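Read left to right, the sequence shown gives residues 18 to 359 (this note's numbering). Ideal Cβ positions, reconstructed from N, Cα and C, are used throughout, including at glycine. Small disclaimer: the values here were computed from a predicted structure and weren't measured. Notes for the one structure printed next.
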Amino acid sequence: TLGQLMAVYFERYVRVHRARVSNEESSRAVILRTELPTADGTLRPFTDWPITDITADSLERFKEARLVNKTGGRGRVAVNRNLMLLRSCFNWAIVPGGYLTATPFKIGPVTAVHLFPELPRERRLEPGEAERLLAACGPDLRALVEAALETVCRIGELLSLQWRAVRWAQNEIILPATKTKARRVRYVPISPRLHAILEMRRLDPDGQEHGPDAYVFGTGLGEPVASKTIEDWWRKACARATITGLHFHDLRREAASRLLEGGVPEQYVQQILGHADLTTTSRYLATTRKGLHMVMERYQARVQMRVNFSETRGRQRPSMAEEHDRKAPETGIGRLPATVHS
């Protein structure tokens, strides 16, 4: 059945090759509990479907059912993530799984099941939203929001951050490969504001410094906080701040875009984001019109600075004729005449 196949796929592939599997686990749960009509018209959870009975038509009906389902996210982006996980699972089932000889996502070489078109997300904080959001947050969520804007980290990276990763002497945070999406070590400089946030969270309720295994953005005792709890805090804070359409992950785009607008070269922004190439970074960033004007103003200021410097050097440095004239004897021998008469 599909449920059995996905269990094996997660055990042998997902948990081996992915740093974090919480998103995939949530997607799998939604997929398997979605009910679809069988050939005789009865509804049956997708988890109980034999994999040989799943066709391109079954997957199209899955797409339709997910859009009207009341749980698991009804947006097209959420459904696309379900389909991507299913597609990856069926591809693995062919090679190296050996459970199937073909994927229902294709009929021969032709793609039979298509994802919904997606527009790249560009949501950033509007003027005044940052202040309202921070004012609406409790102390723990506020620390997370400010840390996200200072570090450009993902929410999962912040929630899994332990004090052993904070290197005070080097003024940086080290994110191990096991905790980053790209499975590569990432180094995050500690800004003055982030330093202040970390100092405020450094001690437990008894005034003792947290141990290396305690979570930086955990409870007062250093225990981890569930992502569902953060989602609940975030939803309530946005409601209090009268902010709509803002996701926590949008703070990562906001922070990275601020760096770019502040003059940080794009290749460094790429490293801070942990992207493998600049193409991904370019698609990810969303500069504002104000930011574009700021960049152009800085460029024009640098151009004008070079022009002024050249003009200053031109006034200070005599021409070759003037230099020769200055050094020539007063008898006029060797001096260049002011005018030449023909």
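Which of helix, strand or coil DSSP assigns to residue i
i: I214; result: helix
i: K245; result: helix
i: K198; result: coil
i: V183; result: strand
i: Y285; result: helix
i: Y232; result: strand
i: F79; result: helix
i: P346; result: For P346, the predicted model reports a pLDDT of 48, less than 50, meaning its position is unreliable and no value from the coordinates is stated.
i: H34; result: helix
i: S39; result: helix
i: I71; result: coil
i: R252; result: helix
i: G20; result: helix
i: T168; result: helix
i: F27; result: helix
i: A152; result: helix
i: D294; result: coil
i: Y116; result: coil
i: G173; result: helix
i: P209; result: helix
DSSP bridge partner residues for residue i (one or two, in chain order)
i: L60; result: P54
i: L220; result: E226
i: Y204; result: I191
i: I17; result: No answer is possible for residue 17: the residues shown for the chain start at 18 and end at 359.
Burial state of residue i, where buried means 16 or more other Cβ atoms lie within 10 Å
i: T72; result: exposed
i: P346; result: Low confidence applies here, because P346 scores a pLDDT of 48, under 50, leaving its location unreliable; read the following figure in that light. Exposed, by the Cβ-count rule.
i: I124; result: exposed
i: F133; result: exposed
i: E41; result: buried
i: W185; result: exposed
i: H34; result: exposed
i: H131; result: exposed
i: V216; result: Correcting the residue identity first, residue 216 is Glu in this sequence and not Val. The residue is exposed, with fewer than 16 neighbouring Cβ atoms inside 10 Å.
i: G291; result: buried
With a cut-off of 8 Å, do at least 3 Cβ pairs link the region 231–240 to the region 173–183? Of all C-beta pairs linking the region 231–240 to the region 173–183, three or more are shorter than 8 Å, placing the two stretches in contact.
Indicate whether the contact test is met: 3 or more Cβ pairs, each with one atom in the region 238–254 and one in the region 190–197, closer than 8 Å. Three or more beta-carbon pairs separated by less than 8 Å are not found between the region 238–254 and the region 190–197, which leaves the two stretches without contact.
When the Cβ atoms of the region 98–114 are set against those of the region 40–58, are three or more pairs found closer than 8 Å? Result yes; three or more Cβ-Cβ pairs closer than 8 Å.
Any contact of the region 260–267 with the region 133–146, i.e. 3+ C-beta pairs under 8 Å? Verdict: yes, contact present.
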